[in-house]
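Contents: one structure, followed by commentary.
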Amino acid sequence: MLNFFKKDQTARRRLPNEVVGLDFGTTSTKAVRLRKSHEEVTLVAADILPAINLNANARPSLPLPPKLVTNYAAVALSSNQQVVRLVNVSGTSGAQDPTLGPKLQEMVKVESHERLAYTVLLAVPAKRETLVLTVALPEAEIAGVLSMLAHGPPAALSVENASLAALTAFYHGPGRTLTEESVCFIDSGAQTTFVAFLRKGIPVLVRTLDLGGEHLVQRLQTQWGLDRETAMGTLGQSTTIDVSQPVHELAGSFLRQLSISRDFVERQENCRITRAYLSGGMSLIRHWVQEIHDATGMEAQTWDPFQNLIVPPNAMPPAMDGQTTRWAAAVGAALAVFEEA
Numbered sequence: 001m002l003n004f005f006k007k008d009q010t011a012r013r014r015l016p017n018e019v020v021g022l023d024f025g026t027t028s029t030k031a032v033r034l035r036k037s038h039e040e041v042t043l044v045a046a047d048i049l050p051a052i053n054l055n056a057n058a059r060p061s062l063p064l065p066p067k068l069v070t071n072y073a074a075v076a077l078s079s080n081q082q083v084v085r086l087v088n089v090s091g092t093s094g095a096q097d098p099t100l101g102p103k104l105q106e107m108v109k110v111e112s113h114e115r116l117a118y119t120v121l122l123a124v125p126a127k128r129e130t131l132v133l134t135v136a137l138p139e140a141e142i143a144g145v146l147s148m149l150a151h152g153p154p155a156a157l158s159v160e161n162a163s164l165a166a167l168t169a170f171y172h173g174p175g176r177t178l179t180e181e182s183v184c185f186i187d188s189g190a191q192t193t194f195v196a197f198l199r200k201g202i203p204v205l206v207r208t209l210d211l212g213g214e215h216l217v218q219r220l221q222t223q224w225g226l227d228r229e230t231a232m233g234t235l236g237q238s239t240t241i242d243v244s245q246p247v248h249e250l251a252g253s254f255l256r257q258l259s260i261s262r263d264f265v266e267r268q269e270n271c272r273i274t275r276a277y278l279s280g281g282m283s284l285i286r287h288w289v290q291e292i293h294d295a296t297g298m299e300a301q302t303w304d305p306f307q308n309l310i311v312p313p314n315a316m317p318p319a320m321d322g323q324t325t326r327w328a329a330a331v332g333a334a335l336a337v338f339e340e341a
């Protein structure tokens, strides 16, 4: 969707029909290898690997299992410092307007250590207005990814923000049938949760809120005196341990902001938002899904980023059954490459 880096156009014309999507999160690396044939996309392999420190002084290595190795990689990058904004730029006529980029740089106020990417969502030439979705990430984190993949394989073909990559996967999944509705999209990471309210498929409000899976793990460690591994185990889908109270206590501020945002969008857009689609690690916690429903009245549900892909029987690791939402960003990054190829 919004790329911080793309290979040159000549290389992209020779792009093969296979790519590995890599989601570099703060607690793990999600990898998914996809192959496109005509209009069909097939899952070749998927896995969840240890996290990689992209800020390390020495260039980190990427030990991909052979089943995931291919020539090109589409990278989804999470960052605690990401800034995602919707900007309405007046006095511009759309994506081809040469003044759009400079005006965005001034409006978003990108710091010298950050890189800005943007995409035009809606242009109204008659009013000279352009609605733009922007995202800024630290330059050092982008450079770390490019350095790690400099010699390939795989070689980096694109780098984009993980939350927006997950949104791309949503558009290819349940979003295909929701182009006339208003819905809420919630993608949770380790430290933050990205929220987008969509009106007929177009984001009308986006927010990055300070709540992630790591916050819940740390709370369980503190409140219940658990070690990290045990605390994470209590959040699994198969666990019988009731973590509803810690989830409720931790989510209070987030849910208030979510409700306020939902009410604002409904008034501003004259619409009703009755459904929320959840992805990311916290979407696997049943109490988290229930809390969103109880606090907002929205029907909260997880979704499968592999929904419209061909998935052979042995492509997914057996231990990851029921956890497909964790791959949303990796899948979205790879699908975006196929869109542009």
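Read in my numbering, the sequence shown has 333 at position 333, and its numbers run on one by one without any break.
Where a beta carbon is used, it is the ideal one built from N, C-alpha and C, also for glycine.
The three-state reading of DSSP puts L68 in helix, counting H, G and I together. Counting the other Cβ atoms within 10 Å of the Cβ of S253 gives fewer than 16, which makes it exposed. According to the DSSP assignment, I142 belongs to the alpha helix (DSSP H) that extends over E139 to M148. Here the region 276–291 lies against the region 183–193, with 3 or more beta-carbon pairs under 8 Å apart. Bounds of any alpha helix (DSSP H) do not take in K30; it lies within the beta strand (DSSP E) bounded by S28 to S37. In the three-state reduction of the DSSP assignment, A251 falls in the helix class. R228 carries a helical assignment under DSSP once its states are collapsed to helix, strand and coil.
Taking a cut-off of 8 Å for Cβ pairs, the region 189–203 and the region 18–26 touch, as three or more such pairs fall below it.
Taking the CA atoms as reference points, E39 sits about 15 Å from V19.
The region 283–290 and the region 255–274 do not touch, with fewer than 3 CB-CB distances between them shorter than 8 Å. Judged by DSSP secondary structure, S158 falls within the beta strand (DSSP E) whose first and last residues are A155 to N161. Here D210 carries a coil assignment [DSSP, helix/strand/coil].
Considered as a whole, the region 63–137 harbours 72–77, 83–90 and 114–124 as its complete beta strand (DSSP E) runs of no fewer than 3 residues, in chain order. Rounded to whole angstroms, the gap between the alpha carbons of R256 and K127 is 35 Å.
The three-state reading of DSSP puts R272 in coil, since its state is none of H, G, I, E or B. Within the model, the alpha-carbon separation for A155 versus R115 is close to 20 Å. In the three-state reduction of the DSSP assignment, Q223 falls in the helix class, which pools H, G and I.
The residue from S112, V132 and H113 with its alpha-carbon nearest to that of V120 is V132. Counting the other CB atoms within 10 Å of its CB gives R272 a total below 16, which places it among the exposed residues.
The DSSP-derived three-state label of V243 is coil. By the 16-neighbour rule on beta-carbons within 10 angstroms, D210 is exposed. Here A300 carries a strand assignment [DSSP, helix/strand/coil]. The residue among T296, G212 and G233 with its C-alpha nearest the C-alpha of S163 is G212. With a threshold of 16 other beta carbon atoms within 10 Å, Q82 meets it and is buried. Ranked by how close their Cα comes to the Cα of D263, the residues P246, I292 and T296 have T296 in first place. One thing to note: H172 has its Cβ no nearer than 7 Å to the Cβ of N88.
Contact annotation, L122 with I202: C-beta distance approximately 6 Å; criterion of less than 8 Å satisfied. In the DSSP secondary-structure assignment, Y277 is bridged to F185 and Q301. Of R199, S79 and L198, the smallest CA-CA separation from E141 is found for S79. Cβ neighbours of A300 within its own chain (closer than 7 Å, five residues either side excluded): A276, L278, V289, I292 and H293.
Annotation for G21: the continuous beta strand (DSSP E) segment containing it runs E18 to F24.
Of the candidates P16, V41 and S37, V41 places its Cα closest to the Cα of V331.
In this structure, the CA atom of I241 is about 53 Å from the CA atom of P102.
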